[in-house]
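So the structure is just underneath, and the comments pick up after that.
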Amino acid sequence: MKISPTIEPDRITSGILRVCRELVPNAPPVFVPVEPEPGALPNKCILNALETTRRDGGEVVMGWKVYLWPRVLVHLIGHAVVLRDGAMTCVTPSKNSEKRVLFLADPSLSFDDDDPDARLGGKMIPLRDDADADRFIEVDEEINSIKVKLPRTSGQVMVTGPDAVRLASLRKELPELIRRLTLRTKKPNEVCVCDSGRKFRKCCRDAMLRTGPY
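Below, the structure is given as C-alpha cells:
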C-alpha cells in the first residue's frame, strides 16, 4: 500500500497562508503555471530556470513549492521559476503532470550552480500541536541529514555501516506515524491516501484500523 498524505493544494487555505507568512512575511504564495521548456529535466528546477533565462531572458526566482498534508502540516520544497514580463512560470516538468504549482518566492534562498551535488532542500511546518506530527518531521529531517552527507554514485545515495542501520530504523518508523496521523485527521468520505481515487472509508481505513490503535 503506497501512502501519499501530501497533496498539491487547489486553493490557499488559512493554514497555508499562516505558514507562508511566518516564513516569508512580505511574499504571499501564488499559483504559477507549469510550462516545461523543451529539454528541461525533472528535479532540476534551478538548472532549467538558468538555461531558460540565459536563452530567452528574464530572471530566476527562488522559493518554495508548497504542498499540504491536510490538518497535519505544510511541506515546502525548494524550487525555482522564471520571471519574465511580470509573470512567473515554472519551466520544469512534473512527475505528476501538474498544470500549476503553489509557489512562495523567498529572496533569502541561494544556490551554488557550480556544485553538481547542491540541493535546495525542504522543510515541514506543522499546522497544529501534535506529537506524532512533530515526530514525523523529526524523523524526516534526520533521514535527510543522513542522506545529504553521503556521496552519490550514478545519482543514487550510497548508505553503508551505522548510517544504513539508522536509516532503516527511521524508515520503519515513518509508516506507523503516517497511519496514526491519517486515522486522526482524514475524513471518511475524503479521497483515500493511497491514490486509488476511492473514498477513505471504502479503501484503506479498515486496514489501518486493524493494524493498531491511534
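Just so we're aligned, residue 0 is where the sequence shown starts under numbering that gives the first Met the number 0, counting upward by one.
In this text, a Cβ means the ideal position worked out from N, Cα and C, and glycines have one as well.
Check	Outcome
Tell me the start and end of each unbroken alpha helix (DSSP H) in the segment 75–157 that is at least 4 residues and wholly inside, in chain order.	130–147
Mind the definition here: the segment 125–145 touches the segment 96–107 only if three or more C-beta pairs lie below 8 Å; say whether that holds.	no
Could you tell me which residues DSSP puts in a beta bridge with E58?	L82
What span of residues does the beta strand (DSSP E) with V29 cover, start to end?	29–32
State the DSSP-derived secondary structure class of I11, mapped to helix, strand or coil.	coil
Do L75 and P8 have their beta-carbon atoms positioned less than 7 Å apart in this structure?	no
Output yes or no for whether 7 Å exceeds the beta carbon distance between T184 and R70.	yes
Thinking just about the alpha-carbon of each residue, which of P35, A86, S107, N47 is nearest to the one in N25?	S107
Within the same chain, show all residues whose beta-carbon is closer than 7 Å to that of P92, passing over the 5 residues directly before and after it, in chain order.	P35, A39, P41
Exposed or buried, what is K64 when buried is set at 16 or more other beta-carbons lying within 10 Å of its beta-carbon?	buried
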